[in-house]
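Quick notes on the structure that follows.
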Amino acid sequence: MKPLESIEFQTKKQMYDFMAVRLKAYLDEAPDWCSALGNASALFNALLKNINWAGFYLMKNQELILGPFQGKPACVRIEMGKGVCGTAALQQTTQLVPDVHAFDGHIACDSASNSELVVPIILNSSTVAVIDLDSPLINRFDEEDALGFEKIAKLLSSQLDWQTVLNR
Ligand code: SME
Numbered sequence: 213m214k215p216l217e218s219i220e221f222q223t224k225k226q227m228y229d230f231m232a233v234r235l236k237a238y239l240d241e242a243p244d245w246c247s248a249l250g251n252a253s254a255l256f257n258a259l260l261k262n263i264n265w266a267g268f269y270l271m272k273n274q275e276l277i278l279g280p281f282q283g284k285p286a287c288v289r290i291e292m293g294k295g296v297c298g299t300a301a302l303q304q305t306t307q308l309v310p311d312v313h314a315f316d317g318h319i320a321c322d323s324a325s326n327s328e329l330v331v332p333i334i335l336n337s338s339t340v341a342v343i344d345l346d347s348p349l350i351n352r353f354d355e356e357d358a359l360g361f362e363k364i365a366k367l368l369s370s371q372l373d374w375q376t377v378l379n380r
């Protein structure tokens, strides 16, 4: 089988459709949330070009706690409403940040990051996690990336047993 990194896609939509199919297979196979989200972050890292961090922050007692990811070690706790992740979690909206240095309150975990996309995962009106993607390029992410990851967030919301995540 061709390595994920070397698959060529004609369009971003094709890539996100492929990502969703693969993710669904990982979710069907994974015995628990840690395996599932670990493989999900590895899938994001393999399929997306020009990123330096890809992973999850998971809700626990009203704050975001670092979950499975690919990239350099990152800050472990983020308060609701703080940084790009905490803003996405609190407002329950996607944060598409073309230049992190222009985002008031951005939390710099990796000095290489210049743009960021954060998508909340919402279950029954509550934020249970966020997907966080960082790039060394300014303006790396666009509306299609946001839409692609919003679909991925919906898939994760419906397919994962979030009670086991919240009770961890
Ligand atoms: N930049 C994020 C912090 C997490 S790291 O990017 C992995 C933020 O401002 O919330």
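The numbering used here puts the last residue of the sequence shown at 380; the count rises by one with no breaks.
Every residue, glycine too, gets a C-beta built ideally from N, C-alpha and C.
What are the partner residues of R461, as DSSP defines its beta bridges?
-> Lying outside 213 to 380, the shown extent of the chain, residue 461 is not represented and no answer is given.
Tell me whether E328 counts as near ligand 1, meaning its Cβ is closer than 8 Å to at least one heavy atom of that ligand.
-> If you number the sequence shown from 1, residue 328 lands on position 116. At a threshold of 8 Å, E328 counts as near ligand 1, since its beta carbon sits closer than that to one of the ligand's heavy atoms.
So does A242 have its beta carbon nearer than 8 Å to some heavy atom of ligand 1?
-> Taking the sequence shown and counting its residues from 1, one reaches residue 242 at position 30. In this structure, A242 has its CB at a distance of at least 8 Å from all heavy atoms of ligand 1.
Can you give the beta carbon distance from D357 to L329, rounded, assuming they're within the 8 Å contact cut?
-> Within the sequence shown, residue 357 is the residue found at index 145, counting from 1. Within the sequence shown, residue 329 is the residue found at index 117, counting from 1. About 6 Å; that satisfies the 8 Å criterion.
So, do the region 260-274 and the region 339-348 have three or more beta carbon pairs nearer to each other than 8 Å?
-> Look at the beta carbons and you see the region 260-274 touching the region 339-348: at least three pairs across the two are nearer than 8 Å.
Touch test, the region 286-303 against the region 312-326, Cβ-Cβ under 8 Å, three pairs minimum = Yes, they touch.
Any chance the CB of H318 is under 8 Å from a heavy atom of ligand 1?
-> The residue given as residue 318 occupies position 106 in the sequence shown. Under cutoff, so the answer is yes.
Measure the beta-carbon distance from L259 to L216 and round it to whole angstroms, keeping in mind my assumption that it falls under 8 Å.
-> Here residue 259 is taken as the residue at index 47 of the sequence shown, counted from 1. Here residue 216 is taken as the residue at index 4 of the sequence shown, counted from 1. Yes, L259 and L216 are in contact; Cβ-Cβ is about 6 Å, under 8 Å.
Assuming E248 contacts L255 under a Cβ cut-off of 8 Å, what Cβ separation, rounded to an integer in Å, is found between them?
-> Here residue 248 refers to the residue found at position 36 when the sequence shown is read from its first residue. Here residue 255 refers to the residue found at position 43 when the sequence shown is read from its first residue. Strictly speaking, residue 248 in this sequence is Ala, with Glu absent from that position. Not a contact, Cβ separation roughly 11 Å.
Nearest-angstrom Cα separation, counted from L378 out to G360 | Within the sequence shown, numbered from 1, the residue matching residue 360 stands at position 148. Within the sequence shown, numbered from 1, the residue matching residue 378 stands at position 166. C-alpha separation (whole angstroms): 25 Å.
Sort S325, Q371, Q307, W374 by Cα distance to N262 and report the nearest one.
-> For this step, residue 262 is matched to residue 50 along the sequence shown. Here the closest residue by C-alpha is S325.
Beta strand (DSSP E) containing I268: first to last residue?
-> Within the sequence shown, numbered from 1, the residue matching residue 268 stands at position 56. According to the sequence as given, residue 268 is Phe; it is not Ile. Per DSSP, F268 belongs to the beta strand (DSSP E) from 265-272.
When you compare only the Cα positions, how much space is there between A232 and H313?
-> The residue given as residue 232 occupies position 20 in the sequence shown. The residue given as residue 313 occupies position 101 in the sequence shown. Rounded to whole angstroms, A232 to H313 spans 31 Å at the Cα level.
With a cut-off of 8 Å on the beta carbons, I'd call A301 and P332 a contact; round off their distance for me.
-> Position 89 of the sequence shown, counted from the start, is the residue given in the question as residue 301. Position 120 of the sequence shown, counted from the start, is the residue given in the question as residue 332. The pair is a contact, with the Cβ atoms about 6 Å apart (cut-off 8 Å).
Using CA coordinates, which residue listed in S323, D311, Q303, L308 is at the minimum distance from A286?
-> Reading the sequence shown from its first residue, position 74 is the one you call residue 286. Considering only alpha carbons, the answer is S323.
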